[in-house]
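With positions in the sequence shown counted from 1, the corresponding number in the working numbering is that position plus 1189. In what follows, a single structure is set out as structure tokens and then discussed.
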Amino acid sequence: MGQLNISSQATPSTQSQHQTLNDKTAGEPDEHLTIPPPGAFRYDNEREPQGNQIKGQEVNFGDSLAMQNSRLIPRQPTDPVWAPDFYIEKVITMYEYVRDKDDELTFVENQIIYVIKKNDDGWWEGIMNGKTGLFPGNYVEPFDTE
């Protein structure tokens, strides 16, 4: 995930077209309020620092997936010793993936990953063989133990 940088691209002539709530007089319709034009916000493709921690595992409860992240599964007796105390989902890799950055996981097909965070950008954070890292969420599917 990245950081949101707000840069003002409005010129003096376009700034006068934008009203603030304080400028609005009583009785005027809401149609005079405008939103910033497209391109007023720039998204940096750098990952932001990790979220809150629960028992040493990183779980972000502030993103749009907070409801999903709040349904944590406790470690099961059949899980390996390196598995996190709590996780969102257990997944199995469908494809090979070689990391591009140091904070990513490398894996081959049919490996188990314990998901501890799902980011809005499609990159998930998980633990595999005791190593924590990011990976593309579309390279895995839920692991069905039944």
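Even glycine gets a Cβ: it sits at the ideal position worked out from N, Cα and C.
Own chain partners of residue i with C-beta closer than 8 Å, once the 5 adjacent residues on each side are dropped
{"i": "E1298", "result": "T1282, M1283, Y1284 and E1285"}
Per-residue burial, residue i [other beta carbons within 10 Å of its own, 16 or more giving buried]
{"i": "E1330", "result": "exposed"}
{"i": "T1321", "result": "buried"}
{"i": "L1323", "result": "buried"}
Spatial neighbours of residue i in its chain, beta-carbon cut-off 7 Å, leaving aside the 5 residues before and after
{"i": "E1280", "result": "Before going on, a small fix: residue 1280 reads as Val here, not Glu. Excluding residues within five positions, the ones whose Cβ falls inside 7 Å are I1302, V1304, V1329, E1330, P1331 and F1332."}
{"i": "E1278", "result": "V1304 and P1331"}
{"i": "M1287", "result": "In the sequence as displayed, the identity of residue 1287 is Val instead of Met. Taken in chain order, the residues that qualify are T1295."}
{"i": "N1276", "result": "Note that residue 1276 corresponds to Tyr in the displayed sequence, not to Asn. Hits under 7 Å: L1261, I1262, Y1303, V1304 and I1305."}
Residue i, enclosing beta strand (DSSP E) - first and last residue
{"i": "V1304", "result": "I1301 to K1307"}
{"i": "M1317", "result": "W1312 to M1317"}
{"i": "P1325", "result": "K1320 to P1325"}
{"i": "P1269", "result": "Careful: P1269 lies outside any beta strand (DSSP E) and carries neither H nor E."}
{"i": "I1281", "result": "E1278 to T1282"}
{"i": "P1330", "result": "One detail in the question is off: residue 1330 reads as Glu in this sequence, not Pro. E1330 -> beta strand (DSSP E) spans V1329 to P1331."}
Own chain, CB closer than 6 Å to residue i, minus 5 neighbours either side, in chain order
{"i": "R1342", "result": "Residue 1342 cannot be examined here, being either before or after the span of the chain that is shown, 1190 to 1335."}
{"i": "E1314", "result": "I1305, K1306 and L1323"}
{"i": "I1316", "result": "P1273 and Y1303"}
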